[in-house]
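Just so we're aligned, residue 1 is where the sequence shown starts under full-length UniProt numbering, counting upward by one. For each residue, glycine too, the CB sits at the ideal point set by N, CA and C.
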Amino acid sequence: MKVGLFGANGRMGRVLIEALDQNENAELSVATVRDDSPWIGMNVGELAGIGKKPIDCLGMSSLTQQHADVMIDFTLPVVFENNIAWCVANKMPVVIGTTGLSESQLAVLDEAAKTIPIVFAANYSVGVNLMLSLVRQAAKALGNTADIEITEAHHRFKQDAPSGTAMAIGEAIADELGRDLKTCAVYGREGKEPERDQGTIGFATVRAGDIVGEHTALFADIGERLEITHKASSRLTFAKGAVHAAQWLHGKPAGLYSMVDVLDLK
């Protein structure tokens, strides 16, 4: 299967090049960068630090439908709509890992899924997606009595906060408890506040160094607490999950899918 990459020069783009190089059942067929990028013509293997490969980076305007069976997009919200528009116009399945999308961009995503198959996830790690299932179980058992807090930590370069994964954890918990995260979420605390409202879900964010990704869901009651934690030590974990999702997506009908579908965690 031929897999193409949007944003090959990004941090995740480079790791995806490595992940595809290691995969026996999928191959990197095209790697794109912006049309004004200095990376045009750069060998993808040298870009990813894995040795010279038979593919060089192309500008977006040179990308055609014949280049790939499925595209993977781990870029930025600023280019998301252009990338998804290209996929729709070319009837191209796409795996999307871009986080920090606005409400209007999520609406664009939903509309595109009526035409093409899309896997969209905040995190492509198998462990994180298992964690989403576990926090639902914990919320069902403890959520009506325990205080719930979500903490996350990432590298200094990450722009969106809280992370997409932290928000997905919060959404899973809120959904299980029949709450609306938009109204019950608390993002950081400062100064003197009233006693904590047990119906809220708190978020705390750390941005430091080269932390790949750490997430904890805390369920704290009087006398006991449960912590469910996932720590990633390599972006290759996410990249391999995205490649697996691309293989799964190939040949699927139009629709919006998640890693729950890919991993059959229902």
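Task: For L28 and F6, the rounded distance between their alpha carbons - done: The residue labelled residue 6 in the question sits at position 6 within the sequence shown. The residue labelled residue 28 in the question sits at position 28 within the sequence shown. One C-alpha to the other measures close to 11 Å.
- [ ] Using the Cα positions of P253 and I72, report the straight-line distance between them to the nearest angstrom.
- [x] Start at 1 with the first residue of the sequence shown, and residue 253 comes out as number 253. Start at 1 with the first residue of the sequence shown, and residue 72 comes out as number 72. The alpha-carbon atoms of P253 and I72 are separated by roughly 17 Å.
- [ ] With a 10 Å radius around its C-beta and 16 neighbouring C-beta atoms as the bar for buried, classify D180 as buried or exposed.
- [x] As a working mapping, residue 180 is identified with position 180 in the sequence shown. The residue in question, D180, is exposed, as its Cβ has fewer than 16 Cβ neighbours within 10 Å.
- [ ] Would you list the residues sitting across from F157 in a DSSP beta bridge?
- [x] Indexing the sequence shown from 1 puts residue 157 at position 157. F157 is bridged by DSSP to nothing; it lacks a bridge partner.
Task: Sequence ranges, beta strand (DSSP E) only - wholly within the UniProt domain "Dihydrodipicolinate reductase N-terminal" (1 to 124), length at least 3 - done: Fully enclosed beta strand (DSSP E) runs of 3 or longer: 2 to 6, 27 to 33, 70 to 73, 94 to 96 and 117 to 120.
Open item on the list: Could you tell me the alpha carbon to alpha carbon distance between A141 and F203, rounded to whole angstroms?
Closed with: If you number the sequence shown from 1, residue 141 lands on position 141. If you number the sequence shown from 1, residue 203 lands on position 203. A141 and F203 have their C-alpha atoms some 21 Å from each other.
TODO: Over the uninterrupted alpha helix (DSSP H) stretch that includes H250, give me the two end residues.
DONE: The residue labelled residue 250 in the question sits at position 250 within the sequence shown. Unbroken run through H250: none, as it is neither H nor E.
TODO: Could you pull out every residue in the same chain whose Cβ sits closer than 6 Å to the Cβ of Y257, ignoring the five residues on either side in sequence?
DONE: As a first step, residue 257 must be located in the sequence shown, where it is residue number 257. Leaving aside the five residues that flank Y257 on each side, the residues in its chain whose CB is nearer than 6 Å to its CB run, in chain order, V119.
Open item on the list: I need the boundaries of the beta strand (DSSP E) containing D221, first residue and last residue.
Closed with: Start at 1 with the first residue of the sequence shown, and residue 221 comes out as number 221. D221: member of the beta strand (DSSP E) spanning G213 to D221, first to last residue.
TODO: Please classify K192: does DSSP put it in a helix, a strand, or coil?
DONE: Counting from one through the sequence shown, the residue named residue 192 turns up at place 192. DSSP places K192 in coil when its eight states are reduced to three.
Open item on the list: My output table needs one value for D147: the three-state DSSP class, helix, strand or coil.
Closed with: Position 147 of the sequence shown, counting from 1, holds the residue named residue 147. If DSSP states are grouped into helix, strand and coil, D147 belongs with the strands.
- [ ] Pull up the distance between the alpha-carbon of T200 and that of I150, whole angstroms please.
- [x] Indexing the sequence shown from 1 puts residue 200 at position 200. Indexing the sequence shown from 1 puts residue 150 at position 150. Going from the Cα of T200 to the Cα of I150 covers about 11 Å.
Open item on the list: Buried or exposed for L106, going by 16 or more other Cβ atoms inside 10 Å?
Closed with: By 1-based counting over the sequence shown, the position of residue 106 is 106. Under this definition L106 is an exposed residue.
Open item on the list: Tell me the rounded alpha-carbon separation between G156 and V30.
Closed with: To locate residue 156, count along the sequence shown from 1; it is residue 156. To locate residue 30, count along the sequence shown from 1; it is residue 30. With the sequence shown as reference, residue 156 is identified as Arg, and Gly is not the correct amino acid for it. In this structure, the straight-line span from the alpha carbon of R156 to that of V30 is close to 30 Å.
Task: Proximity test, V88 beta-carbon vs the ligand ADP heavy atom, cut-off 7 Å - done: The ligand ADP is not part of this structure, which contains no ligands at all.
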